[in-house]
Each structure stands twice: as C-alpha cells, then as structure tokens.
Amino acid sequence: MVNGAYRRPNAIWTSYNPSTGEVMAQAPCCTEQEVLDAVAAARKAFPAWSDTPAIKRSQIMFRVRELLIQHQDRLTELVAKENGKAWGDAQGDVLKAKEGTELACSIPTLMAGENLMDASAGIDTNLYREPIGVFAGIVPFNFPAMIPMGWMAPLCVASGNTMVIKSGQYGRR
Numbered sequence: 141m142v143n144g145a146y147r148r149p150n151a152i153w154t155s156y157n158p159s160t161g162e163v164m165a166q167a168p169c170c171t172e173q174e175v176l177d178a179v180a181a182a183r184k185a186f187p188a189w190s191d192t193p194a195i196k197r198s199q200i201m202f203r204v205r206e207l208l209i210q211h212q213d214r215l216t217e218l219v220a221k222e223n224g225k226a227w228g229d230a231q232g233d234v235l236k237a238k239e240g241t242e243l244a245c246s247i248p249t250l251m252a253g254e255n256l257m258d259a260s261a262g263i264d265t266n267l268y269r270e271p272i273g274v275f276a277g278i279v280p281f282n283f284p285a286m287i288p289m290g291w292m293a294p295l296c297v298a299s300g301n302t303m304v305i306k307s308g309q310y311g312r313r
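Quick note on the numbering used here: the sequence shown kicks off at 141 and runs consecutively.
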C-alpha cells in the first residue's frame, strides 16, 4: 500500500508456519521504485499530518489501542504461528505493542515544551518539541508486533512525523 492505495505486486513473498510448513500468508514484495514512492507519499503527507493538533493524533492512537485490544487474541495467534513462538511469548509481543501505543496516547504531554525562567542571571531557556519529517523502520521477524508498534510507529506518528515500515527480508521461511 502506498499513499492509501493498494498496488498490484510484481512478486509475492510467502510466509510459512515453521512448525507445520503450511502457508500462513502471502505479501507483496516491493520494487525499489515502490519504496521511493512510499517515501515520497510520506514526505507529501508530512506537512498536513504535522499540523494536526497533538490531541487529535492522541485520539487516533487511542483508536489504534482499542483495535489492538479488540484483536489481541487473533494477533497473538498470528505471531505464534508465523514465528513458532509459544502462546505466552507471542502474547507478550502483542501486549508490548499495546503498551507502546498507550504511551503514544499521552503525546500532548510528551510533546509539551519546557520553560526555565532565570536559568542564569537574565537568561531564560525554552525547549520546543516538534515533528521533524519522515522516518523509516525495518522490522525484524522475531518481534513483528513489539518492535514496530511498541517502539517505532506509535511515538513517531503521534509526534507528528510520518513513517515508512518494511518487514525484514531475512527470517523464518
């Protein structure tokens, strides 16, 4: 998906259950041009997204959190099957994704600046936090929920940045 639109893939990557060898899913392989297009789309979306009020971005993160909770068991099942993880390990991966999203829900507070009056004689300091642009993330196979949703995307996007995520090309086959 690039710029909100699905594209017909040139090649397909197949994910297998490592325990049984059954096909779990198929996903498109992107060309170099499609990656460049995704970055261009993220760059184009950045000005409007970064101007979106932090409280609105927070509300979107709350909705993402609700969806993670609503689909927690299914996501856990997918992580367990695709990675050959025990249920508890897979569930931990998904719960960390939820925790990262919960932290991003507090973005209005996290993005607040700081002022220190009279830091030194006649000197005031001001700290401003603002979005800076497009980020890229490559997600390793072994923590497919925790790393992108627990560490990367929620805080990046809630902070007003845009992001392009790519799954790692190496891992369980």
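Built from N, CA and C at the ideal position, the CB exists for glycine as well.
These numbers come from a predicted model, not from an experiment.
### Query
Quick one: what's got a C-beta closer than 7 Å to E174's C-beta in the same chain, skipping five residues either side?
Walking along the sequence shown from the start, residue 174 turns up at place 34. Counting only Cβ-Cβ distances below 7 Å, and skipping sequence neighbours, we find V142 and R147.
### Inter-stretch contact at 8 Å, needing at least 3 Cβ pairs: the segment 293–308 / the segment 231–245
Enough Cβ pairs lie closer than 8 Å, so yes.
### Query
Would you call Q231 buried or exposed, if buried means 16 or more other Cβ atoms sit within 10 Å of its Cβ?
Numbered from its first residue, the sequence shown carries residue 231 at position 91. Looking at its Cβ environment, which holds 16 or more other Cβ atoms inside 10 Å, Q231 is buried.
### Query
What is the rounded straight-line gap between the Cα of L256 and the Cα of I263?
On the sequence shown, position 116 is the one that residue 256 refers to. On the sequence shown, position 123 is the one that residue 263 refers to. Rounded to whole angstroms, L256 and I263 show a C-alpha spacing of 9 Å.
### Query
According to the neighbour-count rule (16 or more other Cβ atoms, all chains shown, within 10 Å of its Cβ), is T216 buried or exposed?
Mapped onto the sequence shown, residue 216 falls at position 76. T216 counts as buried, since no fewer than 16 other beta carbons sit within 10 angstroms of its beta carbon.
### Query
What whole-angstrom Cβ distance do I195 and P248 have, given they're in contact under 8 Å?
Your numbering for residue 195 matches position 55 in the sequence shown. Your numbering for residue 248 matches position 108 in the sequence shown. I195 to P248, Cβ: 5 Å. Contact.
### Message
Can you find the residues in the same chain that come closer than 8 Å, C-beta to C-beta, to L208, ignoring five residues on each side of it along the sequence?
### Response
Position 68 of the sequence shown, counting from 1, holds the residue named residue 208. Within the same chain, Cβ atoms closer than 8 Å to the Cβ of L208 are found at L215, V234, A237, K238, T241 and M289, the five residues on either side in sequence being excluded.
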